[in-house]
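Written out below as C-alpha cells is the structure these notes cover.
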Amino acid sequence: MNDVPHNAPGQQWQASRYAHHADFVPALGAEVAELLAPKAGERILDLGCGDGSLTEVLARSGATVIGVDASPDMIEAARARGLDARVVDAHHLPSIMSSMPYSVMPRCTGCSTMKP
C-alpha cells in the first residue's frame, strides 16, 4: 500500500496549529461519538483522526480504535497520546477495510478535500 499523503495543494496540517485554531472540531465530533455509542469489542476506524483527541475518547470505551490521517504531523500527535494511529491516504481505505470490519467515523475535515 502506498502511504504517501495526497493533501490538497497548499494544504498543510500541523497538530500545534490544529489544536489552537480547530479545537472546536473534536467538540462537534463528540456528538457523533455519542450517537456511535462505542462498546468494548467493537472496531472503529477513525478517518481523518487528526491529533487523536476524539480518537482517544472513542478508545476509552474499550473499543479497538485505529486512527488514520494523511498528515504525518497529526499522526505523530495522535501516537503521542498512546493511540494506534497510521499515516494513510483515505483513497487506500478499501485495502484497510477488507482486513477487518469496522464501524467508520468519518470527519468533515478529513473528507472535505478528497477527490474521487
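Numbering-wise, the sequence shown is residues 46 to 161 according to my numbering. Ideal Cβ placement from N, Cα and C applies to all residues, glycine included. Quick caveat, the model's predicted, so the values are computed rather than measured.
Can you give me the start and stop residues for the beta strand (DSSP E) that residue i sits inside?
| i | result |
| --- | --- |
| residue 129 | 129-132 |
Given a cut-off of 8 Å, decide if residue j and residue i are closer than it, judged by their beta-carbon atoms.
| i | j | result |
| --- | --- | --- |
| residue 101 | residue 73 | no |
| residue 107 | residue 85 | yes |
| residue 130 | residue 123 | yes |
| residue 117 | residue 132 | yes |
| residue 135 | residue 80 | no |
| residue 104 | residue 110 | yes |
Determine the extent of the alpha helix (DSSP H) in which residue i is found, giving its start and end residues.
| i | result |
| --- | --- |
| residue 124 | 117-125 |
| residue 106 | Note, residue 106: premise wrong, no alpha helix (DSSP H); not H, not E. |
Can you look up residue i in the DSSP assignment and give me helix, strand or coil?
| i | result |
| --- | --- |
| residue 21 | No information on residue 21 is available, as it lies outside the stretch 46 to 161 that the chain covers here. |
| residue 50 | Legend: pLDDT at residue 50 = 47, less than 50; position of this residue unreliable, value from coordinates given subsequently. In the structure shown, residue 50 sits in coil (DSSP, three-state: anything other than H, G, I, E or B). |
| residue 112 | strand |
| residue 154 | Confidence at residue 154 is low in this model, with a pLDDT of 47, below 50, so its placement is unreliable and the value that follows should be read with caution. Reduced to three states, the DSSP call for residue 154 is helix. |
Check whether chain C comes within 8 Å of residue i, counting only Cβ atoms and requiring the distance to be less than that.
| i | result |
| --- | --- |
| residue 134 | In summary, chain C is missing from the structure at hand, where a single protein chain is found. |
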